[in-house]
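**Student:**
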Amino acid sequence: MSTLGRAAEQSAFVRTYTVVRGRTKPRHLLGLETVLEAGQGRPGPAQAEECEEILALCRERRRSVVELAGRLGRPVTAVKILVSDLLDANALAVPLTDPYAGTGQGSGPSTQLLEALSAGLKRKWPDAVAKWPDAVTYPEAG
């Protein structure tokens, strides 16, 4: 690798380090698939410009942490730290949604989904047949 290539690589590392102000762990527990949306608050004046980019992306539509990292071209941990800052400022929010809101049949998965799941499991493991409650035996009390 050339000297110029190494210098550019090192400057990108330093840049990420300075963006997160030397922090290595986010304050909030965020998974890669955590979905975020724009909140009511605003980021502080000392926030990195990447925070504005995160907010702009989340104003368009809900985004996951990993999608934000890919769009910004930053390591996931660095994005999690910035997202934690924005969550603290109420500029971002983690929406709470009902996983079965779109099914329209009360609270729970549809019968069709459960049948498809059962069929898939039977194809994958044909010998694993549940015999409930006959397969379970409990010792006699006393």
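All letters in the sequence shown, in the order written, are residues -7 to 134 by this note's numbering. All residues carry an ideal CB built from backbone N, CA and C; glycine is no exception.
List the residues that DSSP assigns as beta-bridge partners of Ser76.
**Tutor:** According to DSSP, which records beta bridges pairwise, Ser76 is partnered with nothing at all.
**Student:** Anyone know if the C-beta pair for Leu57 and Val71 falls short of 8 Å?
**Tutor:** Rather than Leu, the amino acid found at residue 57 in this sequence is Val. Yes; because the gap between Cβ atoms is below 8 Å, this pair is in contact.
**Student:** Going by the CB atoms, is the gap between Arg55 and Leu28 shorter than 8 Å?
**Tutor:** In contact: Leu28 and Arg55 (Cβ atoms closer than 8 Å).
**Student:** How big is the Cα-Cα spacing for Ala21 and Arg15?
**Tutor:** Residue 21 is actually Leu in this sequence, not Ala. Near 15 Å, if we compare the C-alpha coordinates of Arg15 and Leu21.
**Student:** Closer than 8 Å by C-beta to Pro18: which residues in its own chain qualify, once you throw out the five before and the five after it? Chain order, please.
**Tutor:** Closer than 8 Å at the Cβ level, and outside the excluded window around Pro18, lie Thr69, Lys72, Ile73, Val75, Ser76.
**Student:** In this structure, does DSSP put Glu25 in helix, strand or coil?
**Tutor:** Glu25: coil per DSSP, three-state reduction.
**Student:** Whole-angstrom Cβ separation of Gly36 and Asn82, contact assumed at under 8 Å?
**Tutor:** Actually they do not touch by this definition, with Cβ atoms about 11 Å apart.
**Student:** With a threshold of 7 Å (Cβ to nearest heavy atom), would Arg54 be considered close to the ligand COA?
**Tutor:** This structure lacks the ligand COA; in fact it carries no ligand of any kind.
**Student:** Taking its Cβ as the centre, do 16 or more other Cβ atoms sit within 10 Å of Ala108, making it buried, or is it exposed?
**Tutor:** So Ala108 counts as exposed.
**Student:** Can you give, in chain order, each stretch of the alpha helix (DSSP H) that sits fully within the region 23 to 66 and has at least 4 residues?
**Tutor:** If we require 4 residues or more, the alpha helix (DSSP H) runs fully inside the region 23 to 66 come out as 41 to 52, 57 to 64.
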